[in-house]
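Undergrad: Going by the working numbering, 10 is the number at position 10 of the sequence shown; the sequence numbering is gapless. My questions will all concern the structure given below.
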Amino acid sequence: MPLRILQELPYLDVYYDYTNEWIYAEWRGEITFERAQEGGEVVLQLVQLEHATKLLNDNSQVTGMWLEAPEWRQMNVFPRLHTAGLSYVAWVYSPDLYSRFSVDRAISAVNQPVALPFEDMQMAKNWLRLV
1 MPLRILQELP YLDVYYDYTN EWIYAEWRGE ITFERAQEGG EVVLQLVQLE
51 HATKLLNDNS QVTGMWLEAP EWRQMNVFPR LHTAGLSYVA WVYSPDLYSR
101 FSVDRAISAV NQPVALPFED MQMAKNWLRL V
């Protein structure tokens with residue numbers, strides 16, 4: 001997939017995938033509340049800039065996640081992403097159980113954009129291509 005790097009942070013790289021016409025966010029390491037906030041703002045800005053309707057949110061390299069971040073995402077990030085035009089989020093789970101719990105909490109109460117968790121990258125990509 002031809003990717004163009006949009007933003008590089010120590011814990012997050014964000015790309016535009018030209019083949020699939022979506023934003024690809026690759027998170028890694030320990031995601032603190034501050035990192036979740038900063039990274040969420042970065043993704044939001046890039047969704048707006050690229051007029052993206054789909055996001056592939058890859059947590060497969062995340063080793064831990066701050067447990068308070070889900071509520072912040074529900075109340076702050078997801079509504080703003082939807083307002084910016086994002087319709088679908090495919091969220092690839094981390095192998096870390098607490099991170100999975102955090103993802104499940106974050107998307108459980110979200111209606112828009114439509115967000116689904118996936119065990120592996122290929123399943124996430126397949127779903128995102130179909131919607």
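Cβ coordinates follow ideal geometry from the N, Cα and C atoms, glycine included. From a predicted model like this one, the values you see are computed outputs, not experimental measurements.
Do you know offhand how far Ala-90's Cα is from His-51's?
TA: Here residue 90 refers to the residue found at position 90 when the sequence shown is read from its first residue. Here residue 51 refers to the residue found at position 51 when the sequence shown is read from its first residue. Using only the alpha carbons, I get a separation of about 17 angstroms.
Undergrad: What residue does the beta strand (DSSP E) around Ala-25 start on, and which one ends it?
TA: As a position in the sequence shown, residue 25 is number 25, starting the count at 1. Taken as a continuous stretch (DSSP letters only), the beta strand (DSSP E) holding Ala-25 covers 22-31.
Undergrad: Is the segment 17-32 touching the segment 44-63 in the sense that three or more CB pairs, one from each, lie closer than 8 angstroms?
TA: Yes: the two stretches touch, three or more of their Cβ pairs being nearer than 8 angstroms.
Undergrad: Considering just the uninterrupted stretch of the alpha helix (DSSP H) at Pro-79, what are its terminal residues?
TA: Along the sequence shown, one-based indexing puts residue 79 at 79. Pro-79 -> alpha helix (DSSP H) spans 78-83.
Undergrad: Taking only the alpha-carbon atoms, compute the straight-line gap between Pro-2 and Asn-76 and give it to the nearest angstrom.
TA: Sequence index remark: in the sequence shown, residue 2 carries index 2 (1-based). Sequence index remark: in the sequence shown, residue 76 carries index 76 (1-based). One C-alpha to the other measures close to 31 angstroms.
Undergrad: When you compare only the Cα positions, how much space is there between Phe-78 and Glu-119?
TA: Residue 78 sits at position 78 when you count from the first residue of the sequence shown. Residue 119 sits at position 119 when you count from the first residue of the sequence shown. Each residue's alpha carbon lies about 21 angstroms from the other.
Undergrad: According to the Cβ coordinates, are Met-65 and Tyr-15 closer than 8 angstroms?
TA: Locating residue 65 in the sequence shown gives position 65, where the first residue counts as 1. Locating residue 15 in the sequence shown gives position 15, where the first residue counts as 1. No; because the gap between Cβ atoms is not below 8 angstroms, this pair is not in contact.
Undergrad: Write down the C-beta distance between Leu-9 and Gly-29 rounded to the nearest angstrom, noting that I regard them as a contact closer than 8 angstroms.
TA: For the purposes of this step, residue 9 is taken as residue 9 along the sequence shown, with counting starting at 1. For the purposes of this step, residue 29 is taken as residue 29 along the sequence shown, with counting starting at 1. Not a contact, Cβ separation roughly 10 angstroms.
Undergrad: Assuming Val-89 is part of the beta strand (DSSP E), what are its boundary residues?
TA: Translated into positions along the sequence shown, residue 89 becomes position 89. Counting along the chain, the beta strand (DSSP E) containing Val-89 begins and ends at 88-92.
Undergrad: So the candidates are Arg-80, Gly-85, Lys-54, Ala-106; which of them puts its Cα closest to the Cα of Asn-126?
TA: Position 126 of the sequence shown, counted from the start, is the residue given in the question as residue 126. Residue Lys-54 is the option with its Cα nearest to Asn-126.
Undergrad: If distances are taken between C-alpha atoms only, which option among Gly-85, Thr-19, Thr-63, Thr-32 comes closest to Val-47?
TA: Against the sequence shown, residue 47 aligns to sequence position 47. Here the closest residue by C-alpha is Gly-85.
Undergrad: In the DSSP assignment, find the alpha helix (DSSP H) that holds Ala-124 and state where it starts and stops.
TA: Locating residue 124 in the sequence shown gives position 124, counting from the first residue. Start and end: 121-130.
Undergrad: Determine the direct distance from the alpha carbon of Leu-116 to that of Ile-31, and round the result to whole angstroms.
TA: Stepping through the sequence shown from its first residue, residue 31 is reached at position 31. Stepping through the sequence shown from its first residue, residue 116 is reached at position 116. Computed Cα separation, rounded: 20 angstroms.
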